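*Asks:* Just dropping this structure here.
Residue numbers (the working numbering): 182 to 535.
Now the structure itself:
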């Protein structure tokens, strides 16, 4: 950021104005900006030749590039970073944008998970990008556990928490399971579960099974171990990455190669391969962070930009994040305040319910 400010400070007024207009023109419509267009826009009388010379200087500095020999200029990734760091004007979200985000928080009786689902959809709709919402880990004690048989090779384990939150996970039960073994497994766990979080329960399961091996059927033992293993490594409860609006980003990319890279990005996100890295990106700074193109490896192949902000609980601990993915020509001046506003609202919601 310091380097960007220094370069901008060293520019004369005309160079700064040409640079600003090229970037703003590109962000507005995605097209290269030519010298004739800029000549018409300047309030003072400046020749097209003079504008071309300034643009060549900016290109030499690595701030502008030309996609075709006869085309105008577009900002490079370095140019976009410099514009975002030193020239962009960040205000507040519009009243219309605020109302759309506020509407997702309106149902006081809804569970947090459902509200965050709606936040993801609203954020995608408002920004016309793809939205990411990383939900917080659930830290409430477990109240009840149940196993539900769906078919011969599919079952559901249901965790009901003391605050009413419910988590469901599909799994493949060990062969030979019966309704009786499922009831026995649930009874075994419910006798141990009162007042315990997931991680606390996991720490006692192996010891209890060893001590009571003669009291519990072998099928029920296998069911307990395989069912609770679904939460292995989740700490105090599972994080979930909500992805909405992927079609917005796919439709924004014209080239088939870029579309395929976008698809791969979302496939990786939905398989939860990069949840930890996504939270790390948000957690590394205070407030909204902007990543452009290849500035982070998570989005480098797709060439997308990410605007992300952490949200915090009442103790000012980062517990999740919200973000928007879009092409590098995002309207950063509009997207940044929307993401910031959404993160603050989600943080207040979580704090008020904890």
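No residue lacks a Cβ here, since even glycine has one placed at the ideal position from N, Cα and C. Note that the coordinates shown come from a computational prediction; the quantities given were computed from them, not determined experimentally.
Ends of the beta strand (DSSP E) at residue 425?
*Replies:* First-last of the beta strand (DSSP E) with residue 425: 422–425.
*Asks:* According to DSSP, which residues form a beta bridge with residue 569?
*Replies:* The requested residue 569 is not part of the displayed model; the chain covers only 182 to 535.
*Asks:* Excluding the 5 residues preceding and the 5 following residue 373 in the sequence, name in chain order all residues of the same chain whose CB lies nearer than 8 Å to its CB.
*Replies:* Cβ within range, chain order: 382, 385, 386, 389.
*Asks:* Less than 7 Å separating the beta-carbons of residue 315 and residue 422?
*Replies:* Cβ atoms of residue 315 and residue 422: closer than 7 Å.
*Asks:* So residue 301 and residue 427 are in contact, right, with Cβ under 8 Å, and what is the actual spacing, rounded?
*Replies:* The Cβ separation is near 11 Å, so there is no contact.
*Asks:* Give me the Cα-Cα distance between residue 255 and residue 205, rounded to the nearest whole angstrom.
*Replies:* Each residue's Cα considered, the two are about 10 Å apart.
*Asks:* Near residue 165, which residues of its chain fall below 7 Å by C-beta distance, leaving aside the five closest residues on each side in sequence?
*Replies:* Only positions 182 to 535 of the chain appear in this structure, which leaves residue 165 out of reach.
*Asks:* Once DSSP output is grouped into helix, strand and coil, what is the label at residue 323?
*Replies:* Correct three-state label for residue 323: strand.
*Asks:* Which one of 351, 329, 376, 518 has the shortest CA to CA distance from residue 344?
*Replies:* With distances taken between Cα atoms, residue 344 lies closest to 376.
*Asks:* Which whole-angstrom value is the C-beta distance of residue 499 and residue 470, which I expect to be below 8 Å?
*Replies:* Contact flag wrong, Cβ pair sits at about 12 Å.
*Asks:* Rounding to the nearest angstrom, what Cα-Cα distance links residue 294 and residue 485 in this structure?
*Replies:* Roughly 27 Å separates the two Cα atoms.
*Asks:* Are the beta-carbon atoms belonging to residue 272 and residue 505 less than 7 Å from one another?
*Replies:* It is not a contact, given that the beta carbons lie outside the stated cut-off.
*Asks:* Under the assumption that residue 163 contacts residue 228 (Cβ atoms under 8 Å), give the Cβ distance between them as a whole number of angstroms.
*Replies:* Past the boundaries of the shown model lies residue 163; the chain is included only from 182 to 535, so the question cannot be answered.
*Asks:* Nearest-angstrom Cα distance between residue 521 and residue 494?
*Replies:* Roughly 15 Å separates the two Cα atoms.
*Asks:* On a CA-only basis, which of 475, 531, 341 is nearest residue 502? Give me that one, please.
*Replies:* Selected option, being the one with the closest Cα: 531.
*Asks:* Beta-carbon within less than 7 Å of residue 524's beta-carbon, same chain only, minus the 5 sequence neighbours each way: which residues are those?
*Replies:* The answer, listed in chain order, is 490, 491, 492, 503.
*Asks:* From the DSSP output, read off the bridge partner residues of residue 246.
*Replies:* Its beta-bridge partners are 255.
*Asks:* Consult DSSP for residue 515 and reduce its assignment to one of helix, strand or coil.
*Replies:* In the structure shown, residue 515 sits in a helix (DSSP, three-state: H, G or I).
*Asks:* Anyone know if the C-beta pair for residue 274 and residue 519 falls short of 7 Å?
*Replies:* The answer is yes: Cβ separation under 7 Å.
*Asks:* What does a CB cutoff of less than 8 Å around residue 213 pick up in its chain, not counting 5 residues either side in sequence?
*Replies:* Excluding sequence neighbours, residue 213 sits near 207, 247, 248, 249, 252, 253, 254, 255.
*Asks:* Would you list the residues sitting across from residue 349 in a DSSP beta bridge?
*Replies:* Paired residues: 339.
*Asks:* Residue 269 and residue 514 - do their beta-carbons sit closer together than 7 Å?
*Replies:* In contact: residue 514 and residue 269 (Cβ atoms closer than 7 Å).
*Asks:* Quick check: residue 321 and residue 342, are their CB atoms within less than 7 Å of each other?
*Replies:* Yes, the Cβ-Cβ distance between residue 321 and residue 342 is below 7 Å.
*Asks:* On the CB-based measure, 16 or more other CB atoms within 10 Å of its CB, does residue 354 come out buried or exposed?
*Replies:* When all chains shown are included, residue 354 counts as buried.
*Asks:* I think residue 337 touches residue 349, with their Cβ atoms under 8 Å apart; what is that distance to the nearest whole Å?
*Replies:* Right, their Cβ atoms sit about 6 Å apart.
*Asks:* Figure out for me which residue from 236, 284, 533, 440 has the closest Cα to the Cα of residue 497.
*Replies:* With distances taken between Cα atoms, residue 497 lies closest to 533.
*Asks:* Quick check: the Cα distance between residue 280 and residue 509, rounded to an integer number of angstroms?
*Replies:* Distance between the alpha carbons of residue 280 and residue 509 is about 26 Å.
*Asks:* Provide the residue(s) that pair with residue 492 in DSSP beta bridges, ordered along the chain.
*Replies:* 501, per the DSSP bridge assignment.
*Asks:* Where residue 238 and residue 476 are concerned, what is the direct C-alpha to C-alpha distance, given to the nearest angstrom?
*Replies:* Rounded to whole angstroms, residue 238 to residue 476 spans 24 Å at the Cα level.
*Asks:* How far does the beta strand (DSSP E) with residue 470 in it reach, from first residue to last?
*Replies:* Counting along the chain, the beta strand (DSSP E) containing residue 470 begins and ends at 470–472.
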